[in-house]
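Novice: Before I ask anything, let me first share the structure, which is written out below as structure tokens.
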Amino acid sequence: MNHALIAVIAYLTGAVTIFAYVNRNRYLDLLMASIGLIAYGTSSTMIALKILPFWSFLLARLAMVYITISVALLAIRIARTFYVSFKKYLGLK
0 MNHALIAVIA YLTGAVTIFA YVNRNRYLDL LMASIGLIAY GTSSTMIALK ILPFWSFLLA
60 RLAMVYITIS VALLAIRIAR TFYVSFKKYL GLK
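In numbering that gives the first Met the number 0, the protein residues as written are 0 to 92.
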């Protein structure tokens, strides 16, 4: 795909996650995902415009680290919610 199109998609998805973080839930995984998506959109814009290629690839790698951490935090939050629901279902304290 074209890097400019990837940047637009990343910016729009980042805006949606920022909206979800600000208006609904204050979860750390949403914050990390929005930072990662905005950073990835910025790096894709820099790659598309051929501005500072070394720093743009470094920013893309940093964005992937943020997104990976946010996915791990999301998995932990889902597992914890499932565990609490399962305990309530079994009638345990």
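Heads up, the beta-carbon is just placed ideally off N, CA and C, and yes, glycines get one too.
Would the region 24 to 34 count as touching the region 63 to 76 if we require 3 or more Cβ pairs under 8 Å?
Specialist: yes
Novice: For Gly13, which option in Arg23, Lys86, Gly40, Pro52 has the closest C-alpha, if you only look at C-alpha atoms?
Specialist: Working through the sequence shown from its first residue, we reach residue 13 at position 14. Nearest C-alpha to Gly13: Gly40.
Novice: How should Leu36 be labelled, buried or exposed, when 16 other C-beta atoms within 10 angstroms of its C-beta is the threshold for buried?
Specialist: The residue you call residue 36 lines up with position 37 of the sequence shown. Result: buried.
Novice: Return yes when the Cβ of Ala59 is within less than 7 Å of the Cβ of Ser33, no when it is not.
Specialist: Your numbering for residue 33 matches position 34 in the sequence shown. Your numbering for residue 59 matches position 60 in the sequence shown. For Ser33 and Ala59, no; Cβs fall outside 7 Å.
Novice: Where does Ile50 fall in DSSP's three states?
Specialist: If you number the sequence shown from 1, residue 50 lands on position 51. Correct three-state label for Ile50: coil.
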